[in-house]
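According to the working numbering, the residues represented by the sequence shown are 49 to 471, in order. Okay, structure first, notes after.
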Amino acid sequence: MCVESVPPPSSRVTRRGVLAGAAVLAGSAAVLSAAPQAFGATPKGAQRTGDLVIEGGTLLDPKTGEVTEDAVVVIRGGVVRTVGARGRVDTPDGLPRLDAQGRWVLPGLVDAHIHINTVAEARDAVRQGATSARSGSTNFYQDIAVRELARRLPESAPRLSAAGVFVTPDLGDTILADPDLTPLARLKDGVRSAEALRRVVEVNLSRGADVIKTRVNERAGLPEQDPLAQVYSYEQLSEIVSAARRGGKGVLCHSYSRQGCHDAVTAGIRSLEHGVFVGEHTLDEMRRRGTYFTPTLTAIAGLADSDNPILAERGRAYLPILKRAVLDAHEMGVPLAAGTDSSGGRVRPIGREVELMKESGLSALDAIRTATTSAARLLGQERTLGRLAPGFSGDAVLLSGDPHKDLSLLKTPVRVVRQGLPL
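Rendered as structure tokens:
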């Protein structure tokens, strides 16, 4: 049975209701009521920002690797205006100061794969240094609501690229996320036909999704599933990619098996997620196409700590294979992006993913780049994220020591600044 051939849904009809429902699920209403002054001072649709001078710290520019001691960063309206060594930068009078003496100052980090379903999770992510992020999908468009919350109250959430709902054969309760998805409930084989695949993509796009998330394999985090079992073919993945491209969006794809990874990459996805058994031939294709690799090492490492023996064994077996794939990808010139795949109410620090990148064989600086400049390029925001330079967003993390010597410091920033607002 196919989905009826009807035009894509109109965002003007239901988007307000969808966002309102998602906001309730995400707990946004509680945050809004707790911060009426912040919202009252912000015009409708405008972003709340701050003015700040960060002074006296040791500044690292991930793009160049340059280190500036006794640095000054001037942020006006949430945007970096001037940067440099003290004495070479004019600092306007009357701006709030943040003393960074004895601290290392880095740009805010990017978590390129995270599932944020509540305001509490959004707050945890940003306070752990992930000032920007890309959603790996949510069940009821909570990420779209969180994205809007972040624009109004940046202290409470990372700047978020939302993925909406998962394009997957079995939508489960997600069928209730939008009335335009309910016709899919009649499909005996789930979301597999070209019409059904297009429908889910079109609904996501009409609701304001920034990216599209799909899968080619089953999940590793569920003991009853086989992560090497393929659920979508090359042809089906191509249909998803084409539908997303018509809306000007890219696709991130949950992948594990060698063949699944290759089918996803050749179908034209923007980034390969997990990718434990990705082959050398596929990595070469990724390098040629500029396809990103988001290995989510943190999530795979976390399986090893599971109480379930099947999941624990998967984690122990998969992690060294994935680390080898990460190093191979890096050495071949495949762009890497850091992502924790945090979900289920627990937000893992993006700094742990950076630490695991280094454990895979990258230098400390290259590992930092996976959560700054490289991840920013993946999000299409390389001109505003990933550095503390003029014209870039005023997001920063302050560390208690030199990350070149100890990357674990990234897991517990001493201070986080979001759009010029110290948290």
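Even for Gly, the Cβ is constructed at its ideal location relative to N, Cα and C.
Legend entry - Assumed close pair Val-158, Ser-180 - CB separation to whole angstroms, cut-off 8 Å: Confirmed, about 5 Å.
Inset, instruction - Report the residue from Glu-379, Ala-352, Pro-231 whose alpha carbon sits nearest the alpha carbon of Pro-368. - result: Of the listed residues, the one whose Cα sits closest to Pro-368 is Ala-352.
Legend entry - Expected contact under 8 Å - CB spacing of Arg-182 and His-161 to nearest Å: 6 Å
Inset, instruction - Whole angstroms is fine: what's the gap from Phe-87's alpha carbon to Arg-151's? - result: Reliability fails at Phe-87, whose pLDDT of 38 lies under 50, so the model's placement of it is uncertain and the value that follows must be treated cautiously. Answer to the nearest angstrom: the Cα atoms are 32 Å apart.
Legend entry - Contacting residues, own chain, Cβ-Cβ under 6 Å from Asn-187 (five flanking each side not counted): The residues are Thr-222.
Inset, instruction - Let me know the secondary structure DSSP gives Pro-202 once reduced to three states. - result: helix
Legend entry - Cβ neighbour criterion (16 or more within 10 Å) applied to Arg-336: Exposed: under 16 other Cβ atoms inside 10 Å.
Inset, instruction - Please go through the same chain and pick out, in chain order, the residues whose beta-carbon is closer than 8 Å to the beta-carbon of Pro-110, but skip the five residues on each side of it. - result: Leu-154, Pro-155, Leu-413, Ile-416, Arg-417, Thr-420, Thr-421, Gly-434, Arg-435
Inset, instruction - Look up Arg-129 in the DSSP assignment and say whether it is helix, strand or coil. - result: Residue state, collapsed to three classes: strand.
Inset, instruction - Can you grab the Cα-Cα spacing for the pair Asp-343 / Asp-332, in whole Å? - result: It is worth fixing the name first, because residue 343 is Pro in this sequence and not Asp. Looking at the two C-alpha atoms, the distance is approximately 16 Å.
Inset, instruction - Take Gly-327 and list the residues in its own chain whose beta-carbon comes closer than 6 Å to its own, dropping the five residues that flank it on each side. - result: For Gly-327, where only same-chain residues beyond five positions count, the Cβ hits under 6 Å are Arg-306.
Inset, instruction - Within the same chain, show all residues whose beta-carbon is closer than 7 Å to that of Asn-265, passing over the 5 residues directly before and after it, in chain order. - result: Exclusion of the five residues before and after Asn-265 leaves Pro-275, Leu-276, Ala-277, Gln-278, Val-279, His-302, Ser-303, Tyr-304, Ser-305, Gly-308 as the residues of its chain whose Cβ lies within less than 7 Å of its Cβ.
Legend entry - Neighbourhood of Thr-460 by C-beta, 6 Å cutoff - its chain only, sequence neighbours within 5 removed: none
Legend entry - Where Asp-311 sits in the DSSP three-state scheme: helix
Legend entry - beta strand (DSSP E) runs wholly inside the segment 181–231, at least 3 long, in chain order: 207–209
Inset, instruction - Rounded to whole angstroms, what's the CA-CA distance from Leu-219 to Val-239? Just pull it up for me. - result: 8 Å
Legend entry - Bridge-paired residues (DSSP) for Tyr-340: Ser-319
Legend entry - Contact under 7 Å by Cβ, Ala-133 with Thr-116: yes
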